[in-house]
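Trainee:
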Amino acid sequence: MNGQARVGLVGGSGVYDLAAMENVREERLDTPFGRPSDSYFTGTLGGVAVAFLSRHARGHRQSPTEINYRANVCGFKMLGCDALLSASACGSLKEEVAPRHAAVPSQFIDRTRHREDTFFGGGVVAHAALADPVCPALSGVLADSARGAGLIVHRDATYVCMEGPQFSTRAESKLYRSWGADVIGMTNLTEARLAREAEMCYASLSLVTDYDCWHETAEDVSVEVIVAILGENAAAARRTLAAAVAAVDPSRACGCRDAMRFAIITDRAAIPDSARERLRPIAGRYL
Ligand SMILES: [Zn+2]
Numbered sequence: 017m018n019g020q021a022r023v024g025l026v027g028g029s030g031v032y033d034l035a036a037m038e039n040v041r042e043e044r045l046d047t048p049f050g051r052p053s054d055s056y057f058t059g060t061l062g063g064v065a066v067a068f069l070s071r072h073a074r075g076h077r078q079s080p081t082e083i084n085y086r087a088n089v090c091g092f093k094m095l096g097c098d099a100l101l102s103a104s105a106c107g108s109l110k111e112e113v114a115p116r117h118a119a120v121p122s123q124f125i126d127r128t129r130h131r132e133d134t135f136f137g138g139g140v141v142a143h144a145a146l147a148d149p150v151c152p153a154l155s156g157v158l159a160d161s162a163r164g165a166g167l168i169v170h171r172d173a174t175y176v177c178m179e180g181p182q183f184s185t186r187a188e189s190k191l192y193r194s195w196g197a198d199v200i201g202m203t204n205l206t207e208a209r210l211a212r213e214a215e216m217c218y219a220s221l222s223l224v225t226d227y228d229c230w231h232e233t234a235e236d237v238s239v240e241v242i243v244a245i246l247g248e249n250a251a252a253a254r255r256t257l258a259a260a261v262a263a264v265d266p267s268r269a270c271g272c273r274d275a276m277r278f279a280i281i282t283d284r285a286a287i288p289d290s291a292r293e294r295l296r297p298i299a300g301r302y303l
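Residue numbers (this note's numbering): 17 to 303.
1. Go ahead and pull the three-state DSSP assignment for Phe136.
2. Short of 8 Å in beta carbon distance, which residues of its chain neighbour Arg74, apart from the five on each side in sequence? Order them along the chain.
3. Going by DSSP, what residue range makes up the alpha helix (DSSP H) through Glu43?
4. Is any heavy atom of ligand 1 found at a distance shorter than 7 Å from the C-beta of Cys272?
5. Ligand 1 heavy atoms versus the CB of Leu101: any closer than 7 Å?
6. CA-CA distance, Ala258 and Ala285?
7. For Cys106, which beta-bridge partners are listed by DSSP?
8. For Ile125, which residues does DSSP report across the bridge?
9. Within 10 angstroms of the Cβ of Arg116, are there 16 or more other Cβ atoms? Answer buried if so, exposed if not.
10. Measuring only from the beta carbon, is Leu154 closer than 7 Å to any heavy atom that is part of ligand 1?
11. For ligand 1, is there a heavy atom less than 7 Å away from the beta-carbon of Cys97?
12. Quick check: Tyr85 and Glu132, are their CB atoms within less than 8 Å of each other?
13. If you measure between the beta carbons of Tyr218 and Gly201, is that distance less than 8 Å?
14. Less than 8 Å between the C-beta atoms of Asp126 and Ser189, yes or no?
15. Per DSSP, what are the beta-bridge partners of Ile280 in this structure?
16. So, for Gly19: in the same chain, excluding its five sequence neighbours on each side, which residues have a beta-carbon less than 8 Å away from its beta-carbon?
17. In angstroms, rounded to a whole number, what distance separates the CA positions of Ser290 and Gly50?
18. Report yes if the C-beta of Arg268 is less than 7 Å from at least one heavy atom of ligand 1; otherwise report no.
19. Which residues does DSSP pair with Phe57 in a beta bridge?
20. Out of curiosity, what's the CA-to-CA distance linking Gly180 and Ala87?
21. If His72 and Ser108 are in contact, beta carbons under 8 Å, what's the gap, nearest whole angstrom?
22. Look up Gly19 in the DSSP assignment and say whether it is helix, strand or coil.
23. What separation, rounded to the nearest whole angstrom, lies between the Cα atoms of Met178 and Gly62?
24. Could you tell me which of Cys151, Ser79 and Ala165 sits nearest to Met216, measuring between CA atoms?
25. Terminal residues of the continuous beta strand (DSSP E) containing Ile83?
26. On the criterion of 16 or more Cβ atoms from any shown chain inside 10 Å, does Glu112 qualify as buried, or is it exposed?
27. Can you check DSSP and say which residues form a bridge with Gly201?
Listed below in structure tokens is the structure:
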């Protein structure tokens, strides 16, 4: 445990480490929700205390369904982080959101099916507000940093979070377009839900690799094309994260860090000791 507020960084497809970090220490954590994807790397980035985690584990060994999102977010909390900046790959659902562009989502549509996405349950009921699922302060910082890193940025994007690991069928892709969504990915909403429950600010930089499969003229999405563009995008993501970390305002007035003040509805006297213990790193101050 470290009392100092750190900025947590989650690297997605293509971003498995941050070479620019200094004073690096590897921290292998166990949480009440199991083991995170990989070791955390704590240290500094441009003088700011950070913790980095590779979402799919180094070597890309865990599918979006297999990731233990709860352990990942809980681990960041245990390391004293109160903000999470995520970088990930996504597909585009709109012509104007082209490959190599960046989207900063402000809304999500959930199409996941097989994953744990709440810390609560098991005797403790909480209803977190999710109308605005990402931190406005951190999103602004990420968007500005991405622009500064030379990316074309689409702010306030709507992100469809699908289960995967397969990509969309053509009918699904067309359906999501009809909903007005901008990009599609497999991880970000689950993290946003859990970050909200853990009272951490969350924002995400989604780098576009492809046009999913709806596009009439572009080639249908394939892993070969995606991996090539991932490499280019990863360099831009690293530059963006480094700049964003330096611009996070510790005294931001967004409300994320008090998000659960009125969310736990269960009579405190009825909460089992086991649940109290499990939730201690996440919501200990309310139990
Ligand atoms: Zn916030």
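Quick reminder that beta carbons are idealized off the backbone N, C-alpha and C, glycines included.
The structure displayed is predicted, hence computed values, not measured ones.
Mentor: On the basis of the data shown:
1. coil
2. Tyr32, Asp33 and Asp54
3. That residue, Glu43, is in no alpha helix (DSSP H); its beta strand (DSSP E) goes Glu38 to Glu43.
4. yes
5. no
6. 45 Å
7. Val224
8. Val176
9. exposed
10. yes
11. no
12. yes
13. no
14. no
15. Ala142
16. Confidence in Gly19 is poor, its pLDDT being 43 and thus under 50, which makes the residue's placement too unreliable to answer from.
17. 15 Å
18. yes
19. Glu42 and Phe68
20. 20 Å
21. 21 Å between Cβ atoms; not a contact.
22. Bear in mind that a pLDDT of 43 at Gly19, under 50, signals an unreliable position, so the number given afterwards is only what the model happens to contain. Coil at Gly19, not helix or strand.
23. 34 Å
24. Cys151
25. Premise fails: Ile83 is in no beta strand (DSSP E) and is neither H nor E.
26. exposed
27. Cys177
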